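In full-length UniProt numbering, the protein residues as written are 1 to 462.
Positions of the beta carbon are idealized from the N, C-alpha and C atoms, including for glycine.
All values reported here derive from a predicted model rather than from experimental measurement.
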């Protein structure tokens, strides 16, 4: 599969394949798109802006996806009107962003994003108000310099995203041979790949995401510099990488995305602890993360809800046991060692990907549940069943077992316990006390005193 995604390709002869000073015009008789396929609100914005004397087109992913027979998730508009001029045309418009100003036009729950044509990126002439600004490594710091339609097309990232559809004339303007690459199912950067990745290292992640989502190959010059430039992702704000990670792993192609990230050495800048675990325990780590992502992909395809908390819990878990064992070797008792390791791991991870607290807390609870599930004597099992995090903890236990962890069939025990009636459950608890392997022996000693049970630390989860 990965070999298919990393392709070499010979562009057509006659000029540079991905640069055009004038667009190829594809008339309505030459393509399959119809005005009615697009959001009526997006089309109305284009109509109104054109009527006001501005250039305006539907652009990017919505054009690309419809050409591929995919239902777009959103519809974007590009225009010669400035953000202020757009807002003057639409009372329901709001300007957002600083580094990159955009306009959101609200139609109830639907939001249409409208962007002004941007000028070429250039690192020539510091202080030139007609150019975007960059830092020393080439990353774009300011991109509110507006330009022409031709300039806007050349500053877009991939050829397949530089397609402009005019719903009035029903023509497609193609400035970068994007139609050709769509037909050949090929992902190609516009311009010099090294320079474009330096401008915005997140483009490397976008290349992976689009290749996985669309089942496209990545053109050889586009993929070649990625491994060398992967460390540039460490310069990207952690909050932005959180949003990008959700797009990567919750798109329904998370399993193949993971394989590509590892192969292109992009996984380490995102998840340094888990990348180390992948080197130390490759089979276990790879299996656990791949299985978690495959399960997530299936839920996405089935339209079932998915939670980033469970996914991040799985992505980070392989790095946790080793840290806890190290702390134990320094004399820290097992449970405090696990708690400290979990705290440190999440804190370090948030330096790379800013996982919000609304997810880090459930991650900790899922992990804590792994320590509690083996302790089932007395009323503990029923109390755990009533815990709101039980299902996530139980599913995570099954995930660990599927990756090869030995838990003495703990997952099967909990599966049987959930399906058993009250009498059968009492028998199962009684059988734990009769076992010789110690699984139920230690809890029986604490059964004599409710106050001692509370001292075990379980009250934090009750």
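With a cut-off of 8 angstroms on Cβ pairs, the segment 180-198 is in contact with the segment 150-164, counting three or more such pairs. CA-CA distance, residue 312 to residue 249, rounds to 10 angstroms. In this structure, DSSP gives residue 345 a helical state, which the three-state scheme calls helix. With contacts defined by Cβ atoms closer than 9 angstroms, residue 79 and residue 117 form a contacting pair. Where residue 181 is concerned, the enclosing alpha helix (DSSP H) starts and stops at 178-183. Inclusion of residue 26 and residue 171 in the CB contact set at 9 angstroms is warranted, their separation being smaller than that value.
Looking at the DSSP output, residue 40 bridges to nothing. Shortest Cα-Cα distance from residue 65 to any of 147, 23, 244, 161 involves 161.
Here residue 106 is bridged, per DSSP, to 111.
Per DSSP, residue 65 is one residue of the alpha helix (DSSP H) stretching across 61-67.
Rounded to whole angstroms, the Cβ separation of residue 270 and residue 245 is 7 angstroms, and the two are in contact under 8 angstroms. Relative to the Cα of residue 387, the nearest Cα in the group 229, 370, 53 belongs to 370. Assigned with DSSP and collapsed to three states, residue 332 falls in coil, not helix or strand.
When the five nearest sequence neighbours on each side are left out, the beta carbons in the same chain lying within less than 6 angstroms of the beta carbon of residue 362 are those of 309, in order along the chain. Inter-segment contact for the segment 329-347 and the segment 375-392 is absent: fewer than three beta-carbon pairs are separated by less than 8 angstroms. The DSSP-derived three-state label of residue 281 is coil. Checking the DSSP bridge columns, you'll see residue 52 has no partner listed.
In this structure residue 394 is buried. Its beta-carbon is surrounded by 16 or more other beta-carbon atoms within 10 angstroms.
Going by beta carbons, residue 189 and residue 222 fall inside the 9 angstroms limit. If you draw a straight line from the Cα of residue 417 to the Cα of residue 424, it comes to about 8 angstroms. Taking a C-beta distance under 9 angstroms as the contact criterion, residue 324 and residue 337 qualify as a contact pair. Residue 78 is bridged by DSSP to 57, 115. As summarised for the segment 213-291, there are no continuous beta strand (DSSP E) elements at least 3 residues long confined to that stretch. Between residue 93 and residue 103, the CB-CB gap stays under 9 angstroms. Around the beta carbon of residue 45, a 10 Å sphere encloses 16 or more other beta carbons of the protein chains shown; the residue is thus reported as buried. Of the residues assessed, residue 382 falls on the exposed side of the cut-off, its CB having fewer than 16 other CB atoms within 10 angstroms.
Shown here for residue 68: same chain residues with a beta carbon closer than 8 angstroms to its own, the five before and five after excluded, namely 182, 214 in chain order. Annotated three-state conformation of residue 310 is helix, per DSSP.
Taking all protein chains in view, the Cβ of residue 201 is crowded by 16 or more other Cβ atoms within 10 Å, so the residue is classified as buried. Non-local beta-carbon contacts of residue 115 in its own chain, meaning distances under 6 angstroms to residues more than five positions away in sequence, involve 78, 102 in chain order.
A direct Cα-Cα distance of roughly 48 angstroms separates residue 240 from residue 429.
For residue 174, the pairing in a beta bridge is given by DSSP as 24, 163. The criterion of a C-beta distance shorter than 9 angstroms is satisfied by residue 165 and residue 63.
In this structure, the beta-carbon distance from residue 34 to residue 54 does not fall below 9 angstroms. Across the structure, residue 379 and residue 427 are spaced so that their CA atoms are roughly 13 angstroms apart.
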